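Trainee: In UniProt numbering, the protein residues as written are 1 to 87.
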């Protein structure tokens with residue numbers, strides 16, 4: 001049989017996080033971002049990396065080119081792994 005605290009404490013924590021904490025954080029949130037005057041900052045900062053003039057400083061999906069030696073090593077390691085699996 002499970003002891004009572006081992007059952008009750010997780011249930012109370014679930015109820016706290018699901019229902020009571022969101023209501024409480026609407027009125028009192030010590031982790032909110034505030035400026036120097038103590039006013040709450042509603043919006044976060046803009047994304048600093050903008051694509052301007054047709055060029056992006058951080059292109060998405062750019063792949064690293066693999067040299068011939070690295071290709072051969074990759075094929076050899078794949079062959080070794082497949083032979084180990086079949087043994």
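The beta carbon of each residue, even a glycine, is placed where N, CA and C say it ideally should be.
Computed from a predicted structure; not experimentally measured.
Would you kindly report the start and end of the unbroken alpha helix (DSSP H) that includes residue 7?
Mentor: Looking at the DSSP string, the run of the alpha helix (DSSP H) that includes residue 7 is 4-15.
Trainee: Kindly indicate which residue of 21, 36 and 35 has the alpha-carbon position closest to the one of residue 29.
Mentor: It is 21 whose Cα lies nearest to the Cα of residue 29.
Trainee: In angstroms, rounded to a whole number, what distance separates the CA positions of residue 73 and residue 56?
Mentor: Their Cα atoms are separated by approximately 33 Å.
Trainee: Express the C-alpha separation of residue 27 and residue 33 in angstroms, rounding to a whole number.
Mentor: Looking at the two C-alpha atoms, the distance is approximately 14 Å.
Trainee: How far does the alpha helix (DSSP H) with residue 21 in it extend, from its first residue to its last?
Mentor: 21-27 is the extent of the alpha helix (DSSP H) around residue 21.
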